Amino acid sequence: MERKLREIFLDQVEAVLSEDPCDESLFSLFKITSPSMKRCSLDTDHEQHFKKLRAEIHPDKHRNCSRAKRLFQSLTEFYDKSLDENKSAPVRKKMKTNFPLNFSSSEKWTYINIRQMAFIPKERSIGSFVAYQCINARGSIVHGKKTHHHYNPKDKKDQKSAKQVFEAYGGFNILTTTDEIKDELMTRGPVVSTSFQLSDTFLSSVEDRKRYFDSNLKNKVHDVLITGWKHTSMGEVWQICPLVYETLDVGEECFNIGFGQYDIDRMCIAPKRTFERWNWEYGPYFKGFIDHERDVWYSWQSMDFSIDSKQLEELSETVGGDLIAAATSKKKFTLQDSKKKAHSRSCFLTKVKHEKDKSHCWRVSVKFV
0 MERKLREIFL
10 DQVEAVLSED
20 PCDESLFSLF
30 KITSPSMKRC
40 SLDTDHEQHF
50 KKLRAEIHPD
60 KHRNCSRAKR
70 LFQSLTEFYD
80 KSLDENKSAP
90 VRKKMKTNFP
100 LNFSSSEKWT
110 YINIRQMAFI
120 PKERSIGSFV
130 AYQCINARGS
140 IVHGKKTHHH
150 YNPKDKKDQK
160 SAKQVFEAYG
170 GFNILTTTDE
180 IKDELMTRGP
190 VVSTSFQLSD
200 TFLSSVEDRK
210 RYFDSNLKNK
220 VHDVLITGWK
230 HTSMGEVWQI
240 CPLVYETLDV
250 GEECFNIGFG
260 QYDIDRMCIA
270 PKRTFERWNW
280 EYGPYFKGFI
290 DHERDVWYSW
300 QSMDFSIDSK
310 QLEELSETVG
320 GDLIAAATSK
330 KKFTLQDSKK
340 KAHSRSCFLT
350 KVKHEKDKSH
360 CWRVSVKFV
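When you line the sequence shown up against numbering that gives the first Met the number 0, it's residues 0 to 368, in that order.
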């Protein structure tokens, strides 16, 4: 019985260690040995929880178990990467004060991916869907082009608020002034209003506007995505992108809401995380050291890079175990910058050559598609 419980315990640990290191996965990991742990204690007591978990996985507690030894060795690396991911959240810089009259996220980042839906989700799920709408948009910005891989709530009935979703992925910044919102929009992308009041006046001011918002939230808070602003003859307005993708009757991609109107800008939030370590292309993936800026190697049609023998084995596994067949059939895979997974391109092998003057070194050539 004890052995079976140990196996279940190791199964749980292994499942979490297979995920990307981040606050959410680290919290899931610590919950295995600390079920009553609260999310808020992750920032203050993470070292204590790590030591407790590490002691439970220690090989001395799992005699003659190679699996425990492997997980024990992987745990520290996973823990360090999770902390690094949290530290990688950008430090907020001094704000601009000279903003343009008009700004549109889709004009600055023409490839931005603002995901919309064919239907309005349940009222308790709207905050979660708007949060992922924001995450996907910012993912395309850091990816530097249109994304093929998208993220959605794991459960269509997910009832997390936008704040809870962002908190699970490293936290959020609160924006309460016009300048803070504008600065965030211009430097990092769309933000979420968590104070917008869906009033009857707003719903009835344009024909069929109810198609884009949940009428069950009338006169209540309805989270919305702000993507820019405009200067009009009636004053400044925020541009919001609804969750559904039907063509708007007003002939615009977004609805306009005046500054301060319906409490739209009383409370806005933006994720702290940059999402540089998320996958934004479909796999399979090969991580390589790319000593070039993203926009530089994004402009190339092909690229050569060097790898060692271990990496060659990983590349072979990525393309199915046969490098020659992969090159011949032009089998696609995604090349990622090992430092920032979001910087990635789809490609296929054209040549693999051993470098004679360098031991265990191989020169790989790929062509981008």
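C-beta: ideal position from N, C-alpha, C; glycine also.
In this text the structure is predicted, and so the values were computed from the model without any measurement.
Three-state secondary structure (DSSP) at residue i?
i, result
"PRO270", "strand"
"GLU292", "coil"
"GLY250", "Note that GLY250 has pLDDT 38, beneath the 50 cutoff, so the model's placement of it is unreliable and the number below is only indicative. Three-state DSSP puts GLY250 in coil, outside helix and strand."
"ARG344", "strand"
"MET185", "helix"
"THR75", "helix"
"TYR211", "helix"
"PHE370", "With the chain covering only 0 through 368, there is no way to say anything about residue 370."
"MET0", "Low confidence applies to MET0: its pLDDT is 43, below 50, so where it sits in the model is not reliable enough to give any reading."
"GLU122", "helix"
"VAL368", "coil"
"VAL220", "strand"
Tell me which residue opens and which closes the beta strand (DSSP E) that residue i is part of.
i, result
"LYS173", "Inspection of the sequence shows that residue 173 is occupied by Ile rather than by Lys. Its beta strand (DSSP E) spans residues 171-174."
"PHE29", "Note, PHE29: premise wrong, no beta strand (DSSP E); alpha helix (DSSP H) at 22-32."
"SER192", "190-192"
"ILE239", "234-240"
"TYR284", "284-287"
In chain order, what residues of the same chain lie with their CB nearer than 8 angstroms to the CB of residue i, ignoring the 5 residues before and after it?
i, result
"GLN300", "LYS366 and PHE367"
"ASN101", "GLY227, TRP228, LYS229 and HIS230"
From the DSSP output, which residues share a beta bridge with residue i?
i, result
"PHE102", "TRP228"
"CYS360", "ASP307"
"HIS370", "The requested residue 370 is not part of the displayed model; the chain covers only 0 to 368."
"ASN255", "GLN238"
"VAL243", "MET116"
Quick one: what's got a C-beta closer than 7 angstroms to residue i's C-beta in the same chain, skipping five residues either side?
i, result
"PRO20", "PHE77, LYS80, SER81 and GLU84"
"LYS162", "PHE171, THR193 and ILE268"
"PHE274", "ILE134, ARG137, GLY138, VAL141 and ALA341"
Let me know if residue i comes out buried or exposed under the rule of 16 or more other beta-carbons within 10 Å of its beta-carbon.
i, result
"ASP10", "exposed"
"LEU314", "buried"
"HIS353", "exposed"
"HIS149", "exposed"
"GLN47", "exposed"
"GLN72", "exposed"
"SER104", "buried"
"ILE119", "buried"
"PHE288", "exposed"
Where do the ends of the alpha helix (DSSP H) carrying residue i lie?
i, result
"ILE134", "125-142"
"ASP336", "Per DSSP, ASP336 belongs to no alpha helix (DSSP H); it is in the beta strand (DSSP E), 332-336."
"LYS162", "161-167"
"PHE375", "This structure gives no information on residue 375, because the portion of the chain shown stretches from 0 to 368."
"THR327", "322-328"
Can you find the residues in the same chain that come closer than 6 angstroms, C-beta to C-beta, to residue i, ignoring five residues on each side of it along the sequence?
i, result
"LEU247", "With a pLDDT of 41 at LEU247, under the threshold of 50, the modelled position of this residue cannot be trusted, and the question is left open."
"ILE263", "SER192, PHE195, TRP237 and ILE256"
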